[in-house]
Amino acid sequence: MHNKEPLAMADRVKFKDLSPEEKQDYRDRLRHSTAHVLAEAVTKLFPDAQLTIGPPIEDGFYYDFAVPEAFTPDDLNKIEKEMRNSIKANTEFSERETSRDEALELVRDNQYKVEILEGIPADERVTFCSHSDGAFEDLCRGGHMARTGDIKAYKLLSTAGAYWRGDENNAMLQRIYGTAWESRDAQKDYLKRLEEAEKRDHRKLGRQLGLFFFDPIAPASPFFLPKGAQVMNGLIEYVKELYGKYGYQEVMTPQIFNTDLWKKSGHLDAYAENMYFVEVDEREFGVKPMNCPAGAMIYAADSHSYRDLPMRLADFGRLHRNERSGVTHGLTRVRSFVQDDAHIFCTLDQIGDEINSFLQMLNEAYETLGFESYRLELSLRPEKRVGSEEMWDSAEAALTEILDASGVEYEAESGEGAFYGPKIDIFVPDAIGRDWQLGTVQLDFSLPERFDLEYAAEDGSRQRPVVIHRAMYGSLERFLGVLIEHLSGAFPLWLAPVQAVVVPIADRHIDYCHNVGDELESAGIRVVVDDSNDRMNAKIRQAQLQKVPYMLVAGDQEIEAGTLAVRTRTGENIDPMTVAEVSTKFLRQIAERS
RNA sequence: GCCAACGUAGCUCAGUGGUAGAGCAGCUGUUUCGUAAACAGCAGGUCGGCAGUUCAAUCCUGCCCGUUGGCUCCA
2 MHNKEPLAMA DRVKFKDLSP EEKQDYRDRL RHSTAHVLAE AVTKLFPDAQ LTIGPPIEDG
62 FYYDFAVPEA FTPDDLNKIE KEMRNSIKAN TEFSERETSR DEALELVRDN QYKVEILEGI
122 PADERVTFCS HSDGAFEDLC RGGHMARTGD IKAYKLLSTA GAYWRGDENN AMLQRIYGTA
182 WESRDAQKDY LKRLEEAEKR DHRKLGRQLG LFFFDPIAPA SPFFLPKGAQ VMNGLIEYVK
242 ELYGKYGYQE VMTPQIFNTD LWKKSGHLDA YAENMYFVEV DEREFGVKPM NCPAGAMIYA
302 ADSHSYRDLP MRLADFGRLH RNERSGVTHG LTRVRSFVQD DAHIFCTLDQ IGDEINSFLQ
362 MLNEAYETLG FESYRLELSL RPEKRVGSEE MWDSAEAALT EILDASGVEY EAESGEGAFY
422 GPKIDIFVPD AIGRDWQLGT VQLDFSLPER FDLEYAAEDG SRQRPVVIHR AMYGSLERFL
482 GVLIEHLSGA FPLWLAPVQA VVVPIADRHI DYCHNVGDEL ESAGIRVVVD DSNDRMNAKI
542 RQAQLQKVPY MLVAGDQEIE AGTLAVRTRT GENIDPMTVA EVSTKFLRQI AERS
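Here it is in structure tokens:
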């Protein structure tokens, strides 16, 4: 949207009649315009503030200011009020082109704008945009509404520190986030959506559902309660089932290793800042942040021939990574976690099949778990890396080829790869739309080299295998966090920590309920009999809040008929069933993972 | 790591320069109930930690720990 004329919404054209592209353009302009009005208000209230950038973003906008002191929540109110004046005045947005010299003269007191100006390609126009009858002007490439009065709904949401150009070596600016919409209703809907998402926050639900908790004694490291552990194990069991189908073998490896191993693997050079070290008997050990070196040792423990390959070794080992303090977040970014990790040792020729088969398994798992849409990203060589340029060239080429041939859409990101190889990452959004990397498949030409891994080829020569690191869930902790948000904590029957609660209506029904409970339990169903001294209504409510899939109610009528009244957590009442019928129904549903 | 906010009972939160309260949960008792909260009583807190200011600090100040929001969707 370079150097576009200001947009006036013709009176007869309704927002809802615009095409998706036009809607996006309209909202971008609206939000960028609001950012300008924000900048004007800040300039008025804080004359020392220097303007930097203020782009539209998804659902809103931000503007970064260089100010001596951070904004307070109260400042936001004042700024919002000031913005109102400008919008009420309903002045025109206008743009004018200047020469570079003139522009430089106008922004010379603002190093940030000078930098921006210097970054504008020589063949591009330099423009300034203004409103409030010229009282406010900002170096800007354009893309506005026609008038300030076109801003119908806006709200400042939060402040945050943000580095200039996102680089922590640069000065920290103060960012104000806001949102703006084509109508008050649209904004209301958005704020409502945010509220709803908050209810699905996995940290909140984790508490409420008794799944896990955190304690400062082990920062960013979850404690899983019995129910949470049950769900984690459910996820692991499912992977193990898939492993049976896709030809994996499981191994188990140590937790801490002499630092010599990390020297050999390259982690000491490339990853030490994220590792934990312990010294025992004057020898230094590193706690594993990844399983791969141990996997390489397992491979190297025996001699192999091409007939053994591909060898797929799964390792559910616990990993520890010392993440920077500011980046940890609930279950989605922790310091101690488990992955559904596996290393595939194969020949160059087998890479394509292995990755394709992995992506197929991943798709099967994600469909089962209800992640119907996920995003693929191809990450290419980072600055800090091991291995030769030739190795990187061929590894990147291999992944690109596979993705192109598969026909699925993906984005390529340079500089995002692991230090030992390029990778394909799988991303899924959480409740408020933040993307989290879950699955991953990474090529590694370096590990086999470093551990001198070999296999005997058909012609008797010794060859180096390739290693593919891969995980579907990635971190099980993170996966669970995102899964909780997707499901609002309502796990499918097969994963639910408690699959059914048996509810007696009065004390005289308790014995019958216990018998029912015992029978279902021995059939392998996770069932709880609520024999507490509460009224039935309270028990139903309790089970409902705990998102238990089924409530089995028994009173005089049921005992008489030898049945159970079945209620689902969606509030539906199914026809009464015998215990045997309930058991059959549940077991089938569990087996199908439906 | 950096910027900002926050940290009070198991949980969610109120509150004050004179050593603290509610609801829920818990325990005890009463009640025996038909699909989202019966009633009563009891118990529960070094107010995140350490210093400092003060006659007196949960409240003010500093440091530390932890949590939360954010830290390139580029004029």
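Quick note, my numbering runs 1 ahead of the 1-based positions in the first sequence.
Where is the CB? At the ideal position from N, CA and C, for every residue including glycine.
According to the Cβ coordinates, are residue i and residue j closer than 8 Å?
| i | j | result |
| --- | --- | --- |
| residue 203 | residue 486 | yes |
| residue 363 | residue 291 | no |
| residue 370 | residue 478 | no |
| residue 104 | residue 52 | no |
| residue 439 | residue 480 | yes |
| residue 360 | residue 400 | no |
| residue 346 | residue 387 | no |
| residue 38 | residue 152 | yes |
| residue 608 | residue 262 | The structure shown does not extend to residue 608, since the chain is modelled only from 2 to 595, so the question has no answer here. |
| residue 515 | residue 560 | no |
| residue 565 | residue 555 | yes |
| residue 180 | residue 134 | no |
| residue 517 | residue 553 | yes |
| residue 29 | residue 150 | no |
| residue 382 | residue 365 | no |
| residue 289 | residue 327 | no |
| residue 188 | residue 156 | yes |
| residue 129 | residue 34 | no |
| residue 322 | residue 343 | no |
Which residues does DSSP list as the beta-bridge partners of residue i?
| i | result |
| --- | --- |
| residue 498 | According to DSSP, which records beta bridges pairwise, residue 498 is partnered with nothing at all. |
| residue 568 | 552 and 574 |
| residue 380 | 414 and 424 |
| residue 319 | 339 |
| residue 472 | 441 |
| residue 141 | In DSSP, residue 141 forms no bridge with anything. |
| residue 347 | 467 |
| residue 312 | 346 |
| residue 61 | 58 |
| residue 280 | 285 |
| residue 510 | BP columns for residue 510 are empty, so no partner. |
| residue 503 | 530 and 553 |
| residue 430 | 436 |
| residue 66 | 52 and 175 |
| residue 515 | DSSP lists no partner for residue 515. |
| residue 330 | 334 |
Got a sec, what are the start and stop residues for the beta strand (DSSP E) residue i sits in?
| i | result |
| --- | --- |
| residue 158 | 154-164 |
| residue 438 | 436-445 |
| residue 259 | 257-259 |
| residue 98 | 95-99 |
| residue 288 | 284-288 |
| residue 175 | 173-182 |
| residue 529 | 528-530 |
Nearest by alpha-carbon distance to residue i: which of the options is it?
| i | options | result |
| --- | --- | --- |
| residue 467 | 447, 56 and 588 | 447 |
| residue 316 | 323, 170 and 341 | 341 |
| residue 548 | 266, 256 and 207 | 207 |
| residue 416 | 380, 130, 436 and 560 | 380 |
| residue 165 | 158, 173 and 159 | 173 |
| residue 463 | 345, 307 and 580 | 307 |
| residue 68 | 177, 259 and 412 | 177 |
| residue 374 | 427, 330 and 348 | 427 |
| residue 385 | 452, 488, 495 and 272 | 272 |
| residue 227 | 533, 283, 211 and 239 | 211 |
| residue 223 | 578, 476, 118 and 593 | 476 |
| residue 88 | 99, 470, 492 and 40 | 40 |
Specify, as a first and last residue, the run of the alpha helix (DSSP H) that residue i falls within.
| i | result |
| --- | --- |
| residue 53 | Careful: residue 53 lies outside any alpha helix (DSSP H) and carries neither H nor E. |
| residue 455 | It is not in any alpha helix (DSSP H) - residue 455 carries neither H nor E in the DSSP assignment. |
| residue 131 | No alpha helix (DSSP H) holds residue 131; the beta strand (DSSP E) holding it covers 127-132. |
| residue 390 | 390-407 |
| residue 359 | 352-369 |
| residue 587 | 580-593 |
| residue 480 | 477-488 |
| residue 17 | First-last for residue 17: undefined, no H or E at that position. |
| residue 537 | 537-546 |
| residue 169 | Where residue 169 is concerned, there is no enclosing alpha helix (DSSP H), given that its DSSP letter is neither H nor E. |
| residue 300 | 293-301 |
| residue 269 | 268-271 |
Whole beta strand (DSSP E) runs in the stretch 196-257 with 3 or more residues, listed along the chain?
250-252
Quick one: which unbroken alpha helix (DSSP H) runs of 4-plus residues sit fully inside the stretch 69-116? Chain order, please.
74-90 and 101-108
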